[in-house]
Amino acid sequence: MTDSATMPQPVSFGRRVKRFMADRPLIPLIILLIILVVILQILRPGIVNERWLANTAKFAIPLAILAGCQTMTMLTGGIDLSVGTVATMSAFIMATQIVNQDPAVAFLLAMLPAVLIGLVNGIGVGVFRVHPLIMTLGTSLIGTGFLQVYQRTVIASGAKIPDFLNWLGTGVTYGFPNALLLFVPVAVLIVFMLNRTGFGRLLYAVGDNERAARLSGVRYWQVITALYVLSSLLAGITGLLYIGLIKAPSLSLAEPLVLPSVAAAVIGGTSIFGGRGGYTGTIIGALILTVLTTLLTILQMPEGGRRILFGFIVLFVTAAYLRIVEDR
Amino acid sequence: MTTNPLPQNPLLDATGVAKNYGAVAALRNASLSVLPGEVHALMGANGAGKSTLVKILTGAIRADAGRILIRGQQLDVRSPAAARRAGLLPVYQEPSLIPDLDVLSNLRLTGTPVEPFRAWVRELGIPDLDIRETARNIPLAILRVLDLARALAVEPDVLLLDEMTAALPANLAEKVLEVVRRQGDAGRSVIFISHRFVEISALCDRATVLRDGATVGVVDIEPGIEERIVEMMLGSRIEKTRVAARAAPDTSTTKAGRPRLAVRNLQLGTKLNDVSFDLANGEVVGVFALEGQGQDELFAALAGSIRPGGGTIEVDGVPARFSHPSDAIQAGIAYVPGDRTEALAMQRSVRENIALPFSAALRKWGPIRMRREQVVVSGAIGRLQIDTRAQGEVQRLSGGNQQKVTIARWIAADARTILCFDPTRGIDVGTKQEIYKLLRELAGQAKSVLFYTSEMEEVQRVCDRVIVIFGGRVVDTFSVEEADEPALMRAAYGLPRGVKADVGILADVRTDTGAAS
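Residue numbers (my numbering), protein chains in the order written: chain A, 1 to 328; chain B, 1 to 517.
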């Protein structure tokens, strides 16, 4: 490690390319995304048009926000598996409460479980040092249980999707999905927070070397609690967006997004061991996964075969990407 | 001295042992010869090569050169198991029982016979051991005794004890010493590593002294020998070095005002005992000690990493209680650990590492004023002359530059007191000089520095005063003019000041222990 710092040596072309990629890890990701779109266009000429782009964006956005939750928690060496349950809860509560309640009240009720679960996650991980995997899995199961109990109390009143969420989730204005109105500010905020705020710095520092952060005066539990509450809030908001897209409230609404959200963050270059990564990579990761899903859908394979292929591609892409980007 | 004809054939005979780590020679030419029935002390200052020699003898690492004979047969100890088969068994400072297994399973794991083990445990002063107890639940002191009993139970020819009595309460330590002594009488040999002259005089027949990776002498233990041993450990450095009295800090301001840091009767488990000292503004106070004398705990307590069991710490005359490092930082006390990997986020940039304390407090979590941060950080980088060619990731920097980053962080944060724990360990000479200079500059700006060092020469280069810690106690305090290397070395080994070689303290100790037993 000292060599690279003190003795610049002539390096081969391959090594230079590697260095270049290592310094700009987004480039190989963007290249991969373009390759996937080109393959899609070759397999189905004409499929890549304005409507397809809007559609892809619509489905990629909820995934990308949840993957943002994973990115932030993974930077500290954690993970948040409760995002699916939190999103489902807020969506389900919103859709059922809007029937009898004022929209503002319904919104607050919908976000309540998100805050609670985030708080419990944060205290469990930050104070009692439960492993984030187990902690968030546990709260996720508890949340699902509560939702089932809650469902019995609202069977009579039924559910409806608020018009605004409908508009936000599915609507398209001048060819741009309305969901971008939510996503762009969220994405800008996350990127700004990670790079330009004290809290963002601490996420990286805690994930890289918790002891060093402690010796610098950082109180771990504060960072972790704030982080998991934030992650849960984002997941709750994603749930509201997603119900406007899917339009069918169910008890497992956002559950299928959980593992892809982890995959998107990993493909985007965030290390699950903490301290490395960023949100822009994650967004591209979410796009890659969404395009990949479309690609496998048009291949007219049986569902099982599609899943197998999906799994293999995710593994392969991640391994290859890390080989390119890791510079040591 | 090693060429003296020996009356018996040695049981263990190592000659010309050398070991290099890269360009660094940990051992150059070490020899050690142990006779049957002998308790043999292995001595040397920090970094003399004791632990490297021990690791080679017990097969933990391989020597680059040298010959090791056991009972006259050349032996290639290539693994701990091979050393064990050859009859050479170590008991290290760290307990070696597997924490999650009970004692009995631990014995089975190493094929140790149970009955002899139990007999030894009773012999060593623990009458009521439950061998079904899980090792994790057994106190540290008992674990160390169990390690010894486990080694004794297989009747090794050569038993190697590394600081065996450290962390033992007095009654257990006494039993251990008694048993070790009897090992010798039974015709087995013991290699005894210790910093305590009292034990060595009571126990050992001869001592081998290492300095800078080579054996510099083998002596018989007799009254008055400790002065010779200290001389050997120091080598040519015995010449009393004269230091120009430092441009002494303006005594009227430092002495009259209350001390920046006043430590009184600090107590921490068995590690720190009644430690008291002052640190004034504008002063660099050195802490000198052999390894493991409680200096780690002292610094951790002052930094807020661990809570002391008793005693007080006063900052500017106000009693302080630190429950988290952030409390100490709040009081302007920053800790620079000796191990850089403890202090740095290795994958982050130089800038982020230096600026880390700025964001720590809850109210500083908001947007960072990038330009102001840039100014402060570059100021600190410039002051320490950190090579920033690889500043994207701290792990790409050289060790010396990494060390500078750990200090630059607190220069940028403008900490009033810096606790530097061996900041020059394993870095190049040039960087060392820069760090000395920086610490003096800080003192010149009325900041205060507590500076632990394992290298005696640094005391005179940097410190105004030095306290010497031995066995968890402050045994002596020297002004820099008095702190020549022989004086420091004697104090670090717990020898009182001004003892004449021909009188010696060892004679007294011998008669004392004789009367006691």
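Note that CB positions come from ideal geometry on N, CA and C, so glycine has one too.
For the pair residue 143 of chain A and residue 85 of chain A, the CB atoms are nearer than the 8 Å cut-off. Assignment of alpha helix (DSSP H) within the segment 360-398 of chain B, counting only whole runs of 4 or more residues, yields 370-384 in chain order. For residue 274 of chain B, the enclosing beta strand (DSSP E) starts and ends at 272-279. Look at the segment 65-82 of chain A: it has no residue with a C-beta under 7 Å from a C-beta of chain B. When the beta-carbon positions are compared, residue 245 of chain A and residue 103 of chain A stay at least 8 Å from each other.
Contacts with chain B at 8 Å (Cβ-Cβ) do not include residue 15 of chain A.
For residue 452 of chain B, no chain A residue has a Cβ inside 7 Å of its Cβ, as the nearest lies near 16 Å away. Less than 8 Å separates the beta-carbon of residue 222 of chain A from that of residue 362 of chain B. Inter-residue distance for residue 100 of chain B and residue 165 of chain A is about 55 Å (C-alpha atoms, whole angstroms). In this structure, the beta-carbon distance from residue 64 of chain A to residue 183 of chain A falls below 8 Å. Contact fails between the segment 19-38 of chain B and the segment 428-444 of chain B, because fewer than three Cβ pairs, one in each stretch, are under 8 Å apart. Under the 8 Å criterion on CB atoms, residue 326 of chain B is classed as interfacial with respect to chain A. Taking a 10 Å sphere around the C-beta of residue 374 of chain B, we find fewer than 16 other C-beta atoms and assign the residue as exposed. Put simply, the backbone Cα of residue 301 of chain B is about 8 Å away from that of residue 322 of chain B. Under the three-state reduction of DSSP output, residue 463 of chain B falls in the coil class, being neither helix nor strand. Within its own chain, the residues whose Cβ lies closer than 7 Å to the Cβ of residue 406 of chain B, once the five positions on either side in sequence are excluded, are 336, 340, 343 and 344, listed in chain order. In the DSSP assignment, residue 312 of chain B falls within the unbroken beta strand (DSSP E) covering 310-315.
Remark: three or more beta-carbon pairs, one from each stretch, lie closer than 8 Å, so the segment 418-435 of chain B and the segment 393-407 of chain B are flagged as touching. Secondary structure at residue 58 of chain A: helix, using DSSP grouped into helix, strand and coil. Residue burial is scored here from C-beta neighbours: residue 437 of chain B has fewer than 16 other C-beta atoms within 10 angstroms and is therefore classed as exposed. Along the length of the segment 84-158 of chain B, whole beta strand (DSSP E) runs at least 3 residues long occupy 88-91, reported in chain order.
Note that the segment 326-333 of chain B does not touch the segment 292-299 of chain B; fewer than 3 beta-carbon pairs, one per stretch, sit closer than 8 Å. Judged by DSSP secondary structure, residue 453 of chain B falls within the beta strand (DSSP E) whose first and last residues are 448-453.
The beta-carbon separation of residue 33 of chain A and residue 313 of chain A, rounded to 13 Å, does not stay under the 8 Å limit for a contact. In summary, residue 59 of chain A is buried, with 16 or more beta-carbon neighbours lying within 10 Å of its beta-carbon over all protein chains present. Scanning B/372, B/171, B/358 and B/432 for the CA closest to the CA of residue 385 of chain B turns up B/432. At least one CB of chain B lies nearer than 8 Å to the CB of residue 218 of chain A. In terms of beta-carbon proximity, residue 202 of chain A lines the interface with chain B, with at least one pair separated by less than 8 Å. In the DSSP assignment, residue 294 of chain B falls outside any beta strand (DSSP E) and carries neither an H nor an E. Closer than 8 Å to the CB of residue 359 of chain B there is at least one CB belonging to chain A. It is roughly 9 Å from the alpha-carbon of residue 27 of chain B to the alpha-carbon of residue 50 of chain B.
Of the residues A/14, A/38 and A/251, the one whose Cα lies closest to the Cα of residue 292 of chain A is A/38. Spatial neighbours of residue 36 of chain A in its own chain (CB-CB distance under 7 Å, excluding positions within 5 residues in sequence) are listed in chain order as 288, 291, 292 and 295.
Counted as a single uninterrupted DSSP element, the alpha helix (DSSP H) harbouring residue 195 of chain A occupies residues 179-196.
When the five nearest sequence neighbours on each side are left out, the beta carbons in the same chain lying within less than 7 Å of the beta carbon of residue 157 of chain A are those of 96, 99 and 100, in order along the chain. Against residue 197 of chain A, the close residues of chain B are 359, 365, 366, 367 and 368, in the order they occur along the chain (beta-carbon pairs closer than 9 Å).
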